[in-house]
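What follows is a single structure, written as structure tokens, with notes after it.
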Amino acid sequence: MSDKLSDTALDQIFRNARTFNAWLPREVSDEQLHQLYDLAKFGPTSANSSPMRIVFVKSQEAKEKLSPFMSEGNRAKTLAAPVTAIIGMDHAFHDQLPKLFPHTDARSWFAGNQPLIETTAFRNATLQGAYVIIAARALGLDCGPMSGFDNAGVDATFFAGTQIKSNFLINIGYGDASRDLFPRSPRLSFDEAARIA
Numbered sequence: 001m002s003d004k005l006s007d008t009a010l011d012q013i014f015r016n017a018r019t020f021n022a023w024l025p026r027e028v029s030d031e032q033l034h035q036l037y038d039l040a041k042f043g044p045t046s047a048n049s050s051p052m053r054i055v056f057v058k059s060q061e062a063k064e065k066l067s068p069f070m071s072e073g074n075r076a077k078t079l080a081a082p083v084t085a086i087i088g089m090d091h092a093f094h095d096q097l098p099k100l101f102p103h104t105d106a107r108s109w110f111a112g113n114q115p116l117i118e119t120t121a122f123r124n125a126t127l128q129g130a131y132v133i134i135a136a137r138a139l140g141l142d143c144g145p146m147s148g149f150d151n152a153g154v155d156a157t158f159f160a161g162t163q164i165k166s167n168f169l170i171n172i173g174y175g176d177a178s179r180d181l182f183p184r185s186p187r188l189s190f191d192e193a194a195r196i197a
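In the UniProt record's numbering, the protein residues as written are 1 to 197.
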């Protein structure tokens, strides 16, 4: 059995972590992005399908390509963020199953079944995007996950020629708590959101 994480770690990942809208001018290195992915990849997915694909938008050129597809309320904070992760979902994920789930012919479960492909890709890439947030926070980075962008434009620009579709975006960097940090919104209590059956 694993030891419980310290309260300090739990505060960093969950209790004190916030969604940031403003960013300090500190670089996020390529090495940090590799570390982030190398943690997030271990989160579970159904049949180890691992359908998430990420484009880490970091260069000025890439930011300029992303900018026109952002909603007005998300554009400035995205351009200011050191990195924006485009969390995509690969609708051809099942082609990797002989490698990722080799003990049975899992690819045949999905081949030709587009509704199952779409449901599995969406559910599991969304899960993996949450793992990215947790991994980033564990590494001392802050996040600003968001919708509010033109999916079709992002797909045509960043995923052309593939079966990858954008799901959501995560701004990543070092949050500036002195600007645009709203009071924490309420959460539902256990009794409001859960029950033990």
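Even glycine gets a Cβ: it sits at the ideal position worked out from N, Cα and C.
Helix, strand or coil at residue i [DSSP, three-state]
i: N151; result: helix
i: I87; result: strand
i: G43; result: coil
i: G140; result: coil
i: V132; result: helix
i: T110; result: For clarity, residue 110 is Phe in the given sequence; the question names Thr instead. It is helical.
i: P115; result: helix
i: P98; result: helix
Supposed contact pair residue j and residue i - C-beta distance, whole angstroms, cut 8 Å
i: G88; j: S178; result: Their Cβ separation, rounded to whole angstroms, is 33 Å, which puts G88 and S178 out of contact at 8 Å.
i: I172; j: A111; result: Not a contact, Cβ separation roughly 35 Å.
i: I86; j: F158; result: 6 Å
Cβ shell of residue i (< 8 Å), same chain only, five flanking positions each side left out
i: D176; result: F20, A22, W23 and L24
i: L188; result: none
i: R18; result: D142, G175, A177, L181 and R184
Same chain, Cβ closer than 6 Å to residue i, five either side skipped, listed in chain order
i: K58; result: V83
i: M146; result: N74 and L169
i: D150; result: F69
i: V55; result: I86 and F158
Check: residue i C-beta below 7 Å from any heavy atom of the ligand FAD
i: P82; result: Looking for the ligand FAD in the displayed structure turns up nothing, as the structure carries no ligands at all.
Contacts around residue i, its chain only, beta-carbon distance under 7 Å, and the 5 residues preceding and following it disregarded
i: Y131; result: A40 and G43
Report task. Report yes or no: do three or more beta-carbon pairs, one from the stretch 27–44 and one from the stretch 178–188, lie closer than 8 Å? Result -> Taking a cut-off of 8 Å on C-beta distances, the stretch 27–44 does not touch the stretch 178–188, as fewer than three cross pairs fall below it.
Next on the checklist: Below 8 Å, how does it come out for the stretch 80–100 and the stretch 46–62: are there three or more Cβ pairs, yes or no?
Outcome noted: With a cut-off of 8 Å on Cβ pairs, the stretch 80–100 is in contact with the stretch 46–62, counting three or more such pairs.
Notebook entry, point to check: What are the start and end residues of each continuous beta strand (DSSP E) run of 3 or more residues lying completely inside the stretch 157–197, in chain order?
Noted result: Those beta strand (DSSP E) runs which fall completely within the stretch 157–197 and span 3+ residues are 164–173.
**Message:** With a threshold of 8 Å, are at least 3 pairs of Cβ atoms found where one atom belongs to the stretch 31–38 and the other to the stretch 125–141?
**Reply:** With a cut-off of 8 Å, the stretch 125–141 and the stretch 31–38 count as touching, because enough Cβ pairs lie within range.
Can we say the stretch 61–72 touches the stretch 96–108, given the rule of at least three CB pairs closer than 8 Å? Note that the stretch 61–72 does not touch the stretch 96–108; fewer than 3 beta-carbon pairs, one per stretch, sit closer than 8 Å.
Worksheet item: What are the start and end residues of each continuous alpha helix (DSSP H) run of 4 or more residues lying completely inside the stretch 20–83, in chain order?
Response: For the stretch 20–83, whole alpha helix (DSSP H) runs of length 4 or above, ordered along the chain, are 30–40, 60–66 and 72–80.
Would you check if the stretch 111–128 and the stretch 71–78 touch, i.e. whether three or more CB-CB distances between them fall below 8 Å?
Contact between the stretch 71–78 and the stretch 111–128 is absent: fewer than three C-beta pairs spanning the two stretches fall below 8 Å.
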